[in-house]
Structure formats: structure tokens, C-alpha cells
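These notes concern the structure reproduced below.
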Amino acid sequence: MQADRTSQDTPQVQSRQRGRIMIAAFAAALLVAGCGSTAPAAKNSPGAQESKESKTQAAQKTLNEIFRAYESGKPFALDAYMDTKMIDYQSVLDAVRDTQNQQKQISVLTKDVQAVGTGDMVMVQLNWEKRYLALPNLTPKLASGQASFQMKLTAKGWRLAGIKGDNVFAAHAK
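Using our numbering, the letters of the sequence shown map in sequence onto residues 192 to 365.
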């Protein structure tokens, strides 16, 4: 009976499992690349763990600020939160500007947020729902998806350095 239950997992359960595997792989890759602390005492100290948690929370807070700037219809404010060296930087900005011309009263809801990071990099994986009114008829629409956001700590603070998965900023989001 147990085998029957696991073989019939819903797509949501399978998606969460893939997400956990992806986060674990990202964390392992960062540690192998030498981004983690090499001092054993610092790695196990409560202060080091607290610092890691505060970094992931700060990255998540910045990501939420990015979503609020997007919702408010201020693409130039959003630009301030992005790393200009990001792959597809201009594509994301173009998508945001296109969205502002095609959608009004945008609201982004995030759920199932998971974050992991070491050093100056944090990967935030989440499910999102975007509600909006589509122009020209102001038709209510709902788009949803799953994405991973790579956040990088720079001298100016946390910046969006990459997006993988469903692009919440795209006007044609599924």
C-alpha cells in the first residue's frame, strides 16, 4: 500500500521534492566551491548560524521589496534591486515594462518559500501567484508558477542576480 501511495504523488508533492533536491544541490555546490566558512569553530558557533539566518532573511526581505516595486508599477525602482551583470538583465526589465502596459492592479503572492545560502549568495525558491487585470477589458486573470531567485550581496546591499523557472515578471506568465 505504501508503494501505491508514493507512486501516485501529486505534482505539488513532486515539485516540492524536486525543490528540496535543487536547494540541497545548490548548497553542496557552494560548499564545494569554497564559499562556506573553513573554520570549524566558526561553522558550529551559534553566532555563525544566526548570521546565516539573518542573511537569508535579509535576502528574502529584498526579494519581497522587489515584488512590491513590481506591483506598484515602478520599473525604475525595480532596476535598482537588480545586478546589472545578471544574465537576461535587459530581458527582465523589458518584461517588467511590457507587463506594466498590459496588466493593472498586479498582486504577487508567494508561498512555500525556501532559502539557503552561504557567503554572499542566497538561493530563494518559491511558488508564486500573480493576480491582475488584463488590458484592454480589465479582465481578472491569475497566473502561477515556481521560480528560484539567486540573490547576491553587494556593496549596495542584496541584488537579484538570477532567475530560474517561471518568470513572475513576464506579461505572458502561465
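All C-beta atoms, glycine included, are put in the ideal place defined by N, C-alpha and C.
Original post:
Considering only residues of the same chain and omitting the five flanking positions on each side of Lys302, which have a CB-CB separation below 6 Å?
Top reply: Asn318
**OP:** Could you tell me if Phe258 is buried or exposed, where buried requires 16 or more neighbouring beta carbons within 10 angstroms of its beta carbon?
**Re:** Phe258 is buried by the Cβ-count criterion.
Original post:
Residues bridged to Val313 by DSSP?
Top reply: The secondary-structure analysis by DSSP pairs Val313 across a beta bridge with Gly308, Met342.
**OP:** Taking all protein chains shown into account, decide if Ile278 is buried (16 or more other Cβ within 10 angstroms of its Cβ) or exposed.
**Re:** exposed
Subject >> Candidates Gln248, Gly264, Glu262, Met273: closest to Thr345 by CA position >> reply: Comparing alpha-carbon positions, the option among Gln248, Gly264, Glu262, Met273 lying closest to Thr345 turns out to be Met273.
**OP:** Give every residue of the same chain whose Cβ lies closer than 7 Å to the Cβ of Asp270, excluding the five residues on either side of it in the sequence, and list them in chain order.
**Re:** Leu284
Original post:
With respect to the beta strand (DSSP E) encompassing Leu326, which residues constitute its N-terminal and C-terminal limits?
Top reply: Taken as a continuous stretch (DSSP letters only), Leu326 belongs to no beta strand (DSSP E), as it is neither H nor E.
Original post:
Should Gln316 go down as buried or exposed, given a rule of 16 or more other Cβ atoms within 10 Å for buried?
Top reply: Of the residues assessed, Gln316 falls on the buried side of the cut-off, its CB having 16 or more other CB atoms within 10 angstroms.
Subject >> Given Glu262 as reference, the closest of Arg322, Trp349, Lys252, Ala306 once Cα atoms are compared >> reply: Arg322
Subject >> Of the listed residues Glu256, Asn255, Val287, Gln296, nearest to Ile361 (C-alpha basis) >> reply: With the sequence shown as reference, residue 361 is identified as Ala, and Ile is not the correct amino acid for it. Minimum Cα distance to Ala361 is reached at Val287.
Subject >> Check whether Ala352 and Lys276 have beta carbons under 9 Å apart >> reply: yes
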